[in-house]
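Right, one structure below, let's go through it.
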Amino acid sequence: MTGMSSLAIVGLGVVFAPAASAATAEVPSAGVHATFTRSATQAADDYLYSFRNHNSQQCAVVRGTALNAPAVQTGCDRGFSDQLWKFLPNPDPTGSGTAYQIWNYNSGQCLVVRGTASDAPAVQTGCNANYADQLYAIYENAAGEHYLRNINSNMCLVVRGTAAGTPLLQTPCNPTAYVDQQWEFV
Numbered sequence: 144m145t146g147m148s149s150l151a152i153v154g155l156g157v158v159f160a161p162a163a164s165a166a167t168a169e170v171p172s173a174g175v176h177a178t179f180t181r182s183a184t185q186a187a188d189d190y191l192y193s194f195r196n197h198n199s200q201q202c203a204v205v206r207g208t209a210l211n212a213p214a215v216q217t218g219c220d221r222g223f224s225d226q227l228w229k230f231l232p233n234p235d236p237t238g239s240g241t242a243y244q245i246w247n248y249n250s251g252q253c254l255v256v257r258g259t260a261s262d263a264p265a266v267q268t269g270c271n272a273n274y275a276d277q278l279y280a281i282y283e284n285a286a287g288e289h290y291l292r293n294i295n296s297n298m299c300l301v302v303r304g305t306a307a308g309t310p311l312l313q314t315p316c317n318p319t320a321y322v323d324q325q326w327e328f329v
């Protein structure tokens, strides 16, 4: 795609900036590639985010620090460190911009979906940017909702349902049709 805008999320504000032309594989034409940035004067904690599912209005959480602990949704409360995430920028190995590791503040581990199967669960594991299953491209559709596409599987994070404890999974991307693939950064 050409002429896309990048999205810079500074603190909790959103800023649009023109982006260079880039080829992006299998991304809806309405997608806007997102980037997280901070100014030199912002503290590291200024860019810890909770990410809330648009459908359920609940936030992603990993309870505890165990390797392979599942990511689920729960009521949002930024007072709990297991709901705080940092988006660590890395080059997208497909060459289409920036990809992010999603690092949990409580456990110090990263969100991963192993494999390419639909409905595979998101869990936490030790961070290693060399593994594409830990990297996510973040896009904003024309309506302003964000979706997170796993670089390895080319599928999007989803939460099916609104109950607390429902797991985060990956499914084929269609954030315009499926509000359970839409996320807000809070």
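For the sequence shown, our numbering assigns the number 144 to the initial residue and increments by one for each residue that follows. By construction, the Cβ of each residue, glycine as well, lies at the ideal position given by its N, Cα and C atoms.
With distances taken between CB atoms, is the gap from residue i to residue j smaller than 8 Å?
i       : j       : result
Thr-309 : Val-204 : no
Gln-226 : Ser-193 : yes
Arg-195 : Val-322 : no
Cys-299 : Gln-277 : no
Trp-326 : Tyr-290 : yes
Ala-229 : Leu-191 : According to the sequence displayed, residue 229 carries Lys and not Ala. It is a contact, given that the beta carbons lie within the stated cut-off.
Thr-237 : Gln-252 : no
Ala-242 : Val-256 : no
Which first and last residues belong to the beta strand (DSSP E) in which residue i is found?
i       : result
Thr-237 : Taken as a continuous stretch (DSSP letters only), Thr-237 belongs to no beta strand (DSSP E), as it is neither H nor E.
Thr-274 : Reading the sequence as shown, one finds Tyr at residue 274 and not Thr. First-last for Tyr-274: undefined, no H or E at that position.
His-289 : 289-293
Arg-221 : Per DSSP, Arg-221 belongs to no beta strand (DSSP E) and is neither H nor E.
Pro-315 : 311-315
Val-204 : 202-205
Mind checking residue i: buried by the 16 CB within 10 Å criterion, or exposed?
i       : result
Ala-307 : exposed
Asn-211 : exposed
Pro-234 : exposed
Ser-296 : buried
Ala-286 : exposed
Ser-224 : exposed
Ser-261 : exposed
Asn-247 : buried
Asn-317 : exposed
Gln-200 : exposed
Asn-293 : buried
Gly-240 : buried
Ala-209 : exposed
Ala-320 : exposed
Pro-315 : exposed
Ser-182 : Confidence is the limiting factor: at Ser-182 the pLDDT is only 45, short of 50, which leaves the residue's position unreliable, though a coordinate-based value still follows. Its Cβ having fewer than 16 others within 10 Å, Ser-182 is exposed.
Run through the DSSP bridge pairs and tell me what residue i is partnered with.
i       : result
Ala-265 : Val-256
Leu-244 : Sequence check: residue 244 is Gln here, not Leu. Looking at the DSSP assignment, Gln-244 forms a beta bridge with Leu-231.
Pro-213 : Val-266
Tyr-190 : BP columns for Tyr-190 are empty, so no partner.
Arg-303 : Bridge partners of Arg-303: none, in fact.
Asn-196 : Trp-326
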